[in-house]
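Worksheet: one structure, shown below.
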DNA sequence: GCAATAGTGTCTCTCAGACAATATTGG
DNA sequence: CCAATATTGTCTGAGAGACACTATTGC
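Chains as they are written, first to last, in this note's numbering: chain U, 894 to 1130; chain L, 894 to 1130.
What follows is the structure, encoded as structure tokens:
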């Protein structure tokens, strides 16, 4: 039998495959806290609990998994995400009551301001501070997924500038340092922090300043390839 | 409607879900080269091409994705893998001719010796040196997946001792250094390499020696938690 | 002894940690 | 000037790179 006739005879419905979904842990920084976007489930299963934004592949619309998660996040936030990267896949027979299921999970980051307008107007989507997560009922295995995402975020804060994507496009160095400090849950040395970023040449000085009650801070913008840079030496963890 | 009646009414066959497979890039070190295990496809689609070892979830046997890949690798090599970790998932409408599909890919490592007996006796499974990959016809998007796995392996060589899992349980420091050098495609300083590993206390000295034509080298064994250790400072890339 | 391989001594260099000092704004 | 915040100077220490040196084996 050649491949053509094999494919003609092949019918996907003859094989059961685990249920596949795509979810994201979308991080932002607001009011001195790292927050994640959660969606209130209005349908079964796990109705009434909070879940990560996500959904199913639309075979007509999506060419690949990145398309799926982009589409889903756009629906919930109204904007494209500044940063997106795959965290991993979680699969098993017990995680979803509908049966054996797999979810491909992304971590994403966006400026709080960018999607404030949409998120604030709907009541089934909201930003939840990491500290507040323990007090919420989470759907499926999303508590476990969030724990893995936090771990990944922490690593990124140690060896990259990626947490900057939780800020507005233009941001100050003290703001960026504050983000890293919140993620790492420890204070950092101003001098060390600035020095490593300056040396890596990851930022563009916009020339503008932003005043915060004292000396105004310079506003920077990320260089396009800043997300791919890794420091050879990590911050102490 | 409550959840119970929702689940009773729910029928997975009513929804089409992408085809889901689980594959692995299994690395080993042999004859001064890093090699990966490939399987010759005997059935459609992509019959006759070489593919990563893997397969489909068995909903009866597998509790989770790790179970699936463990089972598949055990079938092909006859042994459990020394190291296993998820690389990522690759999904899209074009990668498999049967339709929209997703594969969850793991990277794994095993000692060449451990599975030599089985692999050498079958002719549809073989070790392929990384350098030789370009000359083989690879199934699906497996060339792209292998590129991502090589990239990941390279990173691990820079910040961890994980490449040690491609060696026998007991190995010498010059052997380990050779593995890292092959992966990074550059020579390393003996002194630096030994110093960082000694400082990290990742190895147990077995007290035994292994002779290689000159002064015999000490044989070491990995400490149980060696896979979770990351150096704060990377090797230069 | 010699060749071959394993392992050490020690200097330099880079970059993070610490923390004090200086700069620039608004009142 | 003072309070508040941003930014810099500079010393210390950890650990990688370089490379010459010593050690232990078989012949």
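All C-beta atoms in this analysis are idealised placements derived from N, C-alpha and C, irrespective of residue type, glycine included. This structure is a prediction, so every number in the text was calculated from the model and none was measured.
- Under DSSP, the beta-bridge partners assigned to residue 929/U are 920/U, 1021/U.
- Put simply, the backbone Cα of residue 963/U is about 15 angstroms away from that of residue 920/U.
- In the DSSP assignment, residue 1128/L falls outside any beta strand (DSSP E) and carries neither an H nor an E.
- The three-state secondary structure of residue 942/L, taken from DSSP, is coil.
- Distance from the Cα of residue 973/L is smallest, within the candidate group 1093/L, 1119/L, 1006/L, for 1006/L.
- With a threshold of 8 angstroms between beta carbons, residue 932/L makes no contact with chain U.
- Straight through space, the alpha carbons of residue 1122/L and residue 1087/L are spaced by roughly 16 angstroms.
- DSSP, read as helix, strand or coil, puts residue 1072/L in helix.
- Distance from residue 982/L to residue 979/U at the Cβ level is roughly 7 angstroms; contact confirmed, criterion being Cβ atoms closer than 8 angstroms.
- Judged by beta-carbon spacing, residue 1095/L lies beyond the 8 angstroms limit of residue 1024/L, meaning their Cβ atoms are not closer than that value.
- In chain order, 1109, 1110, 1111, 1112 place their CB closer than 8 angstroms to the CB of residue 1102/U, counting only its own chain and leaving out the 5 sequence neighbours on each side.
- Legend: CB atoms of the region 988-1006 of chain L lying less than 7 angstroms from CB atoms of chain U belong to residues 990, 991, 992, 993, 995, 997.
- When the Cα atoms are used, residue 998/L and residue 1127/U turn out to be separated by approximately 28 angstroms.
- Take residue 896/U, set aside five residues on each side of it, and no residue of its chain has a beta-carbon closer than 7 angstroms to its own.
- A check of alpha carbon separations from residue 1067/U across 971/U, 1084/U, 953/U identifies 1084/U as the nearest.
- It is roughly 39 angstroms from the alpha-carbon of residue 956/L to the alpha-carbon of residue 1078/L.
- Against chain L, a Cβ distance below 8 angstroms from residue 1078/U picks out nothing, because the smallest value is about 18 angstroms.
- Residues of the region 911-939 of chain L whose Cβ lies closer than 7 angstroms to any Cβ of chain U, in chain order: 911, 912, 913, 937, 938.
- Its chain contains 970, 971 as the residues whose beta carbon lies nearer than 7 angstroms to that of residue 1011/U, once the 5 sequence neighbours on both sides are disregarded; these appear in chain order.
- The beta carbon of residue 986/U sits closer than 6 angstroms to those of 993, all from its chain and outside the five residues before and after it, given in chain order.
- At a cut-off of 3 residues, the continuous stretches assigned as beta strand (DSSP E) that sit fully inside the region 1038-1120 of chain L are 1063-1065, 1096-1103, 1110-1115.
- Between the region 909-918 of chain L and the region 929-947 of chain L, the count of Cβ pairs shorter than 8 angstroms is three or higher; the stretches touch.
- Against chain L, the CB of residue 909/U has a partner CB under 8 angstroms away; the residue lies at that interface.
- For residue 997/L, the uninterrupted beta strand (DSSP E) segment begins and ends at 994-1002.
- Residues of the region 1061-1094 of chain L with a C-beta less than 9 angstroms from any C-beta of chain U: none at all.
- Partner residues in the beta bridge of residue 976/L, as assigned by DSSP, are 1002/L.
- In this structure, DSSP gives residue 1015/U a state outside helix and strand, which the three-state scheme calls coil.
- Contact annotation: residue 1026/U and residue 1039/U have beta-carbon atoms nearer than 8 angstroms.
- Distance from residue 1004/U to residue 1059/U at the Cβ level is roughly 7 angstroms; contact confirmed, criterion being Cβ atoms closer than 8 angstroms.
- For the C-beta of residue 958/L, the chain U residues within less than 8 angstroms are, from N- to C-terminus, 982, 983, 984, 985, 995.
- With fewer than 16 other beta carbons inside 10 angstroms of its own, residue 894/U counts as exposed.
- Nearest to residue 901/U by C-alpha distance, out of 990/L, 1089/L, 976/L, is 990/L.
- Partner residues in the beta bridge of residue 957/L, as assigned by DSSP, are 985/U.
- Going by C-alpha positions, residue 975/L is about 16 angstroms away from residue 961/L.
- Ranked by how close their Cα comes to the Cα of residue 1081/L, the residues 1069/L, 988/L, 923/L have 1069/L in first place.
- Taking a Cβ-Cβ threshold of 8 angstroms, none of the residues of chain L is close to residue 1037/U; the smallest such distance is about 12 angstroms.
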